[in-house]
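In the working numbering, the protein residues as written are 1499 to 1658. C-beta: ideal position from N, C-alpha, C; glycine also. What follows is one structure encoded as structure tokens, with my remarks underneath.
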Amino acid sequence: MAILDGVITLDKHYTMTVPLLQTEKLAVCYDGQEETLLIEWRGEVSSQELREGYSQIIAQVRRLKPVKWQLDLQQRGTIKREDQRWIFEFVFPEVLAIVNDNVFVAVVLPVFLLHDLVSELNGDELMQEGNFLIMQHFMYPEQAQRWLNEMHQIKTGTKV
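Written out as structure tokens, the structure reads:
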């Protein structure tokens, strides 16, 4: 790990949780032990804040190429439908292109919000050149991490 001009740089095998980005509305960390990108949104998020936040997240994805994500939306207010579409139409396909592998996203949010999150999806938005973005909903971060680890073990053939 190194700090250059206030930016933390690390390789994807760093073994502790390192904060990568912290704003009033967004926290992004990398858990090196779990090899998981941790993203937490908080409060009411405007379209501009959402797009700027995901732009910064994409910058971290370019560096780390994480295949396991924990996206915590428990404290985030609802966002506009067009912002949801933008995430699925532009952000996730770009992530798949950058990572060039299957990406597992564990979304932590209350059950009553799940339908709104995925109601307008079609499969094409979550697939890029044979790689898939596989998303699952959880109520608790611990459940989410267990699922991410299990999916990664199955994918890599290390699950016994």
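query = Which whole-angstrom value is the C-beta distance of His1635 and Leu1594, which I expect to be below 8 Å?
reply = As a working mapping, residue 1635 is identified with position 137 in the sequence shown. As a working mapping, residue 1594 is identified with position 96 in the sequence shown. The C-beta distance from His1635 to Leu1594 rounds to 20 Å, too long to fall under 8 Å, and the pair is not in contact.
Glu1538 - partner residues in DSSP beta bridges = As a position in the sequence shown, residue 1538 is number 40, starting the count at 1. According to DSSP, Glu1538 bridges with Ala1525, Asp1570.
Alpha helix (DSSP H) segment containing Asn1647, residue limits = Reading the sequence shown from its first residue, position 149 is the one you call residue 1647. Counted as a single uninterrupted DSSP element, the alpha helix (DSSP H) harbouring Asn1647 occupies residues 1639-1654.
ask   = Alpha carbon to alpha carbon, what distance is there between Gln1572 and Ala1500?
value = Locating residue 1500 in the sequence shown gives position 2, counting from the first residue. Locating residue 1572 in the sequence shown gives position 74, counting from the first residue. A caution first: Ala1500 carries a pLDDT of 42, below 50, which makes its placement in the model unreliable, though a value can still be read off. A direct Cα-Cα distance of roughly 31 Å separates Ala1500 from Gln1572.
request  = Tell me whether the beta-carbon of Lys1653 lies closer than 9 Å to the beta-carbon of Phe1602.
outcome  = Looking up residue 1653 in the sequence shown gives position 155. Looking up residue 1602 in the sequence shown gives position 104. Contact: yes.
request  = Return helix, strand or coil for Ile1577, following the three-state DSSP convention.
outcome  = Residue 1577 sits at position 79 when you count from the first residue of the sequence shown. In the three-state reduction of the DSSP assignment, Ile1577 falls in the coil class, being assigned neither a helical nor a strand state.
query = From Ser1553 to Gly1628, what does the alpha carbon distance come to, in whole angstroms?
reply = Along the sequence shown, one-based indexing puts residue 1553 at 55. Along the sequence shown, one-based indexing puts residue 1628 at 130. Ser1553 and Gly1628 have their C-alpha atoms some 24 Å from each other.
query = How far does the alpha helix (DSSP H) with Val1543 in it reach, from first residue to last?
reply = Here residue 1543 is taken as the residue at index 45 of the sequence shown, counted from 1. Counting along the chain, Val1543 sits inside no alpha helix (DSSP H), nor does DSSP assign it H or E at all.
ask   = In or out: Ser1566 buried (at least 16 other Cβ within 10 Å) or exposed?
value = Residue numbering aside, residue 1566 sits at position 68 when the sequence shown is read from its first letter. Going by the sequence as given, residue 1566 is Lys instead of Ser. The residue is buried, with at least 16 neighbouring Cβ atoms inside 10 Å.
key: Best match in Met1633, Glu1533, Arg1574 for proximity to Lys1563 [C-alpha to C-alpha]   = Walking along the sequence shown from the start, residue 1563 turns up at place 65. Of the candidates Met1633, Glu1533, Arg1574, the residue whose Cα lies closest to the Cα of Lys1563 is Glu1533.
key: Residue environment, Tyr1638, which counts as buried when at least 16 other CB atoms sit within 10 Å   = As a working mapping, residue 1638 is identified with position 140 in the sequence shown. Burial call: exposed.
message = Tell me the DSSP secondary structure of Pro1517 in three-state form.
response = Here the question's residue 1517 lines up with position 19 in the sequence shown. Three-state result, Pro1517: strand.
ask   = From this set, Ile1596, Leu1535, Glu1580, which residue's C-alpha is nearest Asn1719's C-alpha?
value = Nothing can be reported for residue 1719: it is not among the residues displayed for the chain, which extend from 1499 to 1658.
message = So, with DSSP's three-state summary, where would you put Leu1607?
response = For the purposes of this step, residue 1607 is taken as residue 109 along the sequence shown, with counting starting at 1. In the displayed model, Leu1607 falls within coil according to three-state DSSP, outside both helix and strand.
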